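Everything on this sheet refers to the single structure shown next.
Residue numbers (this note's numbering): 682 to 775.
Following this line, the structure appears as structure tokens:
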């Protein structure tokens, strides 16, 4: 409502990206693996949104953020898998 009154080009999409980013940050603070999916969802919306608003450099930055999310997701997945393997080996030894 406020964004529409401010003559925003895409008030729904701006509100959606804000909500996704807040949820992603909360999940990150709780160290939840799912935070990466929320960040990627926000970035997937941000990228075309910024290009539609002719904010090309900002759109490119969000392409980089999306790339960082994919690398972060892969890194966390590897760490979790390695931790599970270590935990399983500890159980076998005990």
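The beta carbon of each residue, even a glycine, is placed where N, CA and C say it ideally should be.
Just so you know, these numbers come straight off a predicted model, no measurement behind them.
Member of the options whose CA lies at the smallest distance from the CA of residue i
i           : options            : result
residue 753 : 737, 726, 718, 694 : 718
residue 695 : 727, 705, 708      : 727
residue 724 : 737, 757, 743      : 743
Whether residue i touches residue j by CB criterion (8 Å)
i           : j           : result
residue 690 : residue 722 : no
Residues near residue i by beta carbon distance below 7 Å, same chain, minus five either side
i           : result
residue 716 : 705, 708, 709
Are there three or more Cβ pairs, one per stretch, closer than 8 Å when the segment 710-718 is compared with the segment 692-702? Touching, no, given that fewer than three Cβ pairs across the two stretches are closer than 8 Å.
To test your reading of the DSSP string, which unbroken beta strand (DSSP E) runs of 3 or more residues are found completely within the segment 721-764? Complete beta strand (DSSP E) runs here, min 3: none at all.
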